[in-house]
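For reference, the structure discussed in these notes is given below.
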Amino acid sequence: MKSSRFKLSTILIAVLLLLVFLYYLGGLGFTENILTKIFNPITGRFYSWGQGVNDFYYKKVKDKRVAEDLLKENEELEEKYQSLLKENAELKILAKENELLKKELKFSKERGHQIVPSRVISRDLFLPNTLTIDKGAKDGLVRGLPIIAEEGVIVGKIIKVKDNSSTVLLLTDVQSKLAVMSLDDQDINGILRGEHGLSLKMELIPKNKELRYNEIIVTSGIETNIPPGLLVGTVSQITNLSGELFQSAILSPLGNYHNIKFVLVILP
Amino acid sequence: MKRIFLFIFFIILSSLVQIGLLNSLGDWGNSINLILCLVIFITIIFNYSYGLWSAFLGGLILDLYSPLTFGIFTFIFLIIAILVNFLFTNFFTNKSFYSLLVLGGLATILYNLLFYIFVYFLFVFNLSDTYFLLDITWLKNLMNQIILNSIILILFFIFVNKLSKRLKATFLWID
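These protein sequences, in sequence, are chains A and B. Everything in the first sequence is counted per the numbering used here, starting at 119 for the first residue and increasing by one. Everything in the second sequence is counted per the numbering used here, starting at 59 for the first residue and increasing by one.
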């Protein structure tokens, strides 16, 4: 009995090694295609249910903590109001930025990018900052293409492409890197990295450039397949230390990274 | 034959629930590893061979949807099934509720360590461009996994205890 069990574990490991070998030789492509075609609608349905549960949970938590949240929100608004009163000039900048943002959105629509609408079908067990979408190489997707979640806001890049599905790494992941610049001043550029799956950090910003709060940050377009001008976030915190060679900034994301159901992939 | 088809269907469905539903439920849902729980539970309570098959089938489907190196989930689940069976037959005397929980916790820790080691070596040898950081978030996630996987194992135990005579002899001891 013991030897037959030992045999089974050895056989299964040997079969697995053979499958891995075949997978990397491309010999499993047909089987993989059939399986993903069958499974994608099911995982997609499960994902929608999961998002429904998420929405319900967050609404419930919000209802329960409504008083606490309102108080906190009130304090934050008060602080914002005071800050805005003191810095009247910043209001003008904000107004200008708002105008630019509208122009940018219009610009993005007018540019006529070829887009592929996709549905999110799952998230990875070990990489929560990744999404699996239901479009792949058969739809013309390649590694490195940008993912747009809402109104021209980039939220990630494709890191792996299969025939019928692709994996997207969100910008909030620590392994994500994206070349970005200021919408107002293209000389203010840097590299955007994720911070623990929660926020966005713009690094390697030239020290001699003056970055402002609430400044809109967009993609710089120096990366292959990533067009310039895709919205990323607004500057919420600036770090400019005297001993450092570059300055850095924390951005408030313009996209919602927690509840992404549908995305657009911009083709090159 | 019917039993085997049902078993295969159940493992496939559980894998799809893991990929589509649990992984989309935020930090807590994402910490539940249904396939790992099934591998542990089936290996201890039912049959080692079935445990191996559930590791193999479940792992392959997770691998199909994972951006990580193909085969990593299946390989680690198979190792976990082998280790759980080894620990159970050599260090635990019976199929009690407590041995299930202790082995569940141990298996979750081993699973995470193995995963980290494999991903690290694949990254070092340029076979993968993904890596994990062994930081406080990883530790917190591990704690969440131990708690949630234990809850799932308890639910499995209660469910099977209600349905089957397999665990009826006593809550603490059978066989």
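Note that the Cβ used here is the ideal one computed from N, Cα and C, for glycine as well.
Neighbour flag for residue i against chain B, beta carbons, 8 Å
i	result
Glu-222(A)	Unreliable placement is indicated for Glu-222(A), whose pLDDT of 43 sits below 50; the coordinate value is still reported in the next sentence. With 8 Å as the cut-off, Glu-222(A) does not count as an interface residue toward chain B.
Glu-150(A)	yes
Ile-131(A)	yes
Ile-160(A)	yes
Thr-285(A)	yes
Leu-219(A)	Low confidence applies to Leu-219(A): its pLDDT is 48, below 50, so where it sits in the model is not reliable enough to give any reading.
Environment of residue i [buried if 16+ CB atoms lie within 10 Å]
i	result
Lys-153(B)	buried
Thr-149(A)	exposed
Pro-125(B)	buried
Met-299(A)	buried
Leu-219(A)	Low per-residue confidence applies at Leu-219(A): pLDDT is 48, beneath 50, and the placement is therefore not dependable enough to give any value.
Tyr-142(A)	exposed
Met-320(A)	buried
Lys-280(A)	buried
Gln-365(A)	buried
Ile-140(B)	buried
Trp-86(B)	exposed
Trp-196(B)	exposed
Asp-187(B)	exposed
Phe-183(B)	exposed
Asp-187(A)	exposed
Phe-215(B)	buried
Asp-252(A)	buried
Ala-367(A)	buried
Ser-89(B)	buried
Tyr-156(B)	exposed
Val-133(A)	exposed
Leu-185(A)	For clarity, residue 185(A) is Ala in the given sequence; the question names Leu instead. That one is exposed.
CB contact below 8 Å: residue i versus chain A
i	result
Phe-173(B)	yes
Leu-64(B)	no
Leu-145(B)	no
Leu-136(B)	yes
Asp-233(B)	With a pLDDT of only 42 at Asp-233(B), under 50, the local geometry of the prediction cannot be trusted, and the value read off the model is given with reservation. No, Asp-233(B) does not count as interfacial toward chain A.
Phe-67(B)	no
Cross-chain neighbours of residue i in chain B, by beta carbon under 9 Å
i	result
Tyr-165(A)	Ile-77, Gly-78, Leu-79, Asn-81, Ser-82
Gly-145(A)	Neighbours of Gly-145(A) on chain B: none; closest Cβ ~12 Å, over 9 Å.
Chain B contact residues for residue i, given Cβ-Cβ distances below 7 Å
i	result
Lys-278(A)	Pro-125
Leu-153(A)	Leu-122
Chain A contact residues for residue i, given Cβ-Cβ distances below 8 Å
i	result
Ile-140(B)	Ser-127
Leu-74(B)	Phe-157, Ile-160, Thr-161, Phe-164
Chain A residues whose Cβ lies nearer than 9 Å to that of residue i
i	result
Asn-129(B)	According to the sequence as given, residue 129(B) is Gly; it is not Asn. Neighbours of Gly-129(B) on chain A, chain order: Leu-134, Leu-135, Leu-137, Val-138, Tyr-141.
Gly-87(B)	Gly-168, Val-171, Asn-172
Opening and closing residue of the alpha helix (DSSP H) in which residue i lies
i	result
Val-142(B)	130-149
Lys-220(B)	194-221
Asn-307(A)	Segment 307-313 is the beta strand (DSSP E) holding Asn-307(A); no alpha helix (DSSP H) there.
Val-177(B)	155-182
Lys-60(B)	60-74
Val-97(B)	92-99
Ile-119(B)	106-123
Beta-carbon neighbours of residue i, restricted to chain A and to distances below 7 Å
i	result
Thr-132(B)	Leu-134
Chain-ordered chain B contacts of residue i [CB-CB under 8 Å]
i	result
Asp-240(A)	Per the sequence shown, residue 240(A) should be read as Ser rather than Asp. Neighbours of Ser-240(A) on chain B, chain order: Ile-77, Gly-78, Asn-81, Ser-82, Tyr-123.
Thr-79(A)	With chain A covering 119 to 386 only, the question about residue 79(A) has no answer from this structure.
Start-to-end residues for the beta strand (DSSP E) that takes in residue i
i	result
Ile-368(A)	364-371
Ala-255(A)	Run containing Ala-255(A): none; DSSP gives neither H nor E here.
Lys-278(A)	271-279
Pro-324(A)	317-324
Arg-237(A)	233-241
Lys-295(A)	295-300
Short CB-CB distance (under 8 Å) between residue i and chain C
i	result
Asn-358(A)	Any reference to chain C falls outside this structure, whose protein chains are A and B.
Given a limit of 9 Å on CB to CB distance, which residues of the segment 99-115 of chain B reach chain A?
Tyr-106, Ser-107, Leu-110, Trp-111, Ala-113, Phe-114
Residues within the segment 350-383 of chain A neighbouring chain B, beta-carbon criterion of under 7 Å
none
Tell me which residues of the segment 243-271 of chain A have at least one Cβ-Cβ distance to chain B shorter than 7 Å, keeping chain order.
Leu-243, Phe-244, Leu-245, Pro-246, Thr-248, Thr-250
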